[in-house]
Amino acid sequence: MKVGKNTLFINCDEAKYICDKSQYNESTWWERFRLNLRYIYCTITRAYVKRNEKLSELVTDQKVDCMENKSKADLKSKFEQELKKHQ
Amino acid sequence: MPKHQLDPNKWIDSYADYLFNYTITRVSDRDIADDLVQETFFSGLKSAANFKGEASERTWLVSILKRKIIDHYRKINSTKGKAEVRINYSEGESEGDWLEERVADPYDRNAESTLENKELGLAIHHCLEKLPQKQAEIFKMKTIQNFDTEAICNEFDISASNLWVIIHRARTALAGCLDETWFKQ
Numbered sequence: 002m003k004v005g006k007n008t009l010f011i012n013c014d015e016a017k018y019i020c021d022k023s024q025y026n027e028s029t030w031w032e033r034f035r036l037n038l039r040y041i042y043c044t045i046t047r048a049y050v051k052r053n054e055k056l057s058e059l060v061t062d063q064k065v066d067c068m069e070n071k072s073k074a075d076l077k078s079k080f081e082q083e084l085k086k087h088q
Numbered sequence: 004m005p006k007h008q009l010d011p012n013k014w015i016d017s018y019a020d021y022l023f024n025y026t027i028t029r030v031s032d033r034d035i036a037d038d039l040v041q042e043t044f045f046s047g048l049k050s051a052a053n054f055k056g057e058a059s060e061r062t063w064l065v066s067i068l069k070r071k072i073i074d075h076y077r078k079i080n081s082t083k084g085k086a087e088v089r090i091n092y093s094e095g096e097s098e099g100d101w102l103e104e105r106v107a108d109p110y111d112r113n114a115e116s117t118l119e120n121k122e123l124g125l126a127i128h129h130c131l132e133k134l135p136q137k138q139a140e141i142f143k144m145k146t147i148q149n150f151d152t153e154a155i156c157n158e159f160d161i162s163a164s165n166l167w168v169i170i171h172r173a174r175t176a177l178a179g180c181l182d183e184t185w186f187k188q
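Protein chains in written order, with our numbering: chain A, 2 to 88; chain B, 4 to 188.
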């Protein structure tokens with residue numbers, strides 16, 4: 002998905018794309034400006050933004066955690082060795 | 004014919020993060036959590052013959068993990084904990100206050116919200132399990148582990164544009180799943 006740089010008005014899919022990037026602080030101010038503009042008059046965009054922000058809040062603020070990639074890779078190789086013994 | 008069957012080849016990919024999240028909220032130490040999860044998988048493998056197939060694989064692994072966590076606290080308490088409790092309540096002035104200190108404060112909502120956070124964390128992992136593996140991995144790396152977009156693109160050999168499409172699909176599926184499993188309860 003690419004958002005046209007020169008158009009002031011964006012469509013719903015472009016708004017969702019910018020909204021997703023905004024959750025990770027990776028949208029530009031120009032993208033955010035156009036998202037906010039669409040937010041004013043588009044109910045679908047408003048609903049998406051609200052839902053997306055709620056999801057970010059849940060995942061980041063509630064301290065959802067997962068195993069580090071290196072630990073998981075180590076565990077996987079140890080487990081595979083153990084698995085071979087049992088097969 | 005049992006309802007569920009074990010497939011240890013998929014355990015790490017499917018349940019390592021779920022079990023880790025379950026553990027870290029209870030032991031608050033990443034290294035200990037890693038060890039306990041590893042022990043759980045190894046024990047699961049050893050006692051696979053005892054699996055009756057009545058519960059799901061994950062439920063069965065969680066039951067093993069719970070015992071590991073309890074054993075972990077038993078080990079700690081057998082050495083350090085008991086001594087500390089005795090020291091705290093043998094002083095003259097504070098004697099007799101211990102019961103009052105242990106009565107739950109009705110205005111303290113920390114315990115309840117902590118419990119809710121733990122359950123929500125598990126609900127999120129439960130929903131992540133339902134996503135295609137690559138989608139779930141990319142979402143976790145981007146959202147939970149805070150990897151750079153570039154690093155993830157290199158790791159999975161995808162373009163930034165592809166990454167955002169995957170993230171969008173994952174977020175939409177996750178929000179839908181949480182609506183069903185968490186918010187409607």
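C-beta atoms are modelled at their ideal positions from N, C-alpha and C, and glycine is treated no differently.
Boundaries of the alpha helix (DSSP H) harbouring residue 34 of chain B: 33-49, taken from the DSSP string.
The beta-carbon of residue 36 of chain A is placed no less than 8 Å from the nearest beta-carbon of chain B. For residue 149 of chain B, the closest alpha carbon among the candidates A/9, A/14, A/25, A/12 is that of A/25.
Judged by DSSP in its simplified three-state form, residue 179 of chain B adopts helix. Secondary structure note for residue 157 of chain B: its alpha helix (DSSP H) is the uninterrupted segment 152-159. For residue 53 of chain A, the neighbours in chain B by C-beta distance under 8 Å run, in chain order, 174, 178. A buried status is given to residue 32 of chain A, since no fewer than 16 other beta-carbon atoms sit within 10 Å of its beta-carbon. Nearest CB-CB separation between residue 11 of chain B and chain A: below the 8 Å threshold. For residue 44 of chain A, the enclosing alpha helix (DSSP H) begins and ends at 44-57. At least one C-beta of chain A is nearer than 8 Å to the C-beta of residue 19 of chain B.
Between residue 37 of chain B and chain A, the shortest Cβ-Cβ separation is below 8 Å.
Interface with chain B (8 Å Cβ-Cβ cutoff): residue 65 of chain A is included. Counting only the Cα atoms, residue 138 of chain B lies some 8 Å from residue 172 of chain B. What residue 184 of chain B touches in chain A, judged by beta-carbon distance under 7 Å, is nothing: the nearest beta carbon there is about 12 Å away. DSSP, read as helix, strand or coil, puts residue 134 of chain B in coil. Put simply, of B/185, B/184, B/183, B/176 the residue whose alpha carbon is nearest the alpha carbon of residue 53 of chain A is B/176.
What residue 85 of chain A touches in chain B, judged by beta-carbon distance under 9 Å, is nothing: the nearest beta carbon there is about 11 Å away. In this structure, residue 17 of chain B lies away from residue 158 of chain B, with their beta-carbon atoms at least 8 Å apart.
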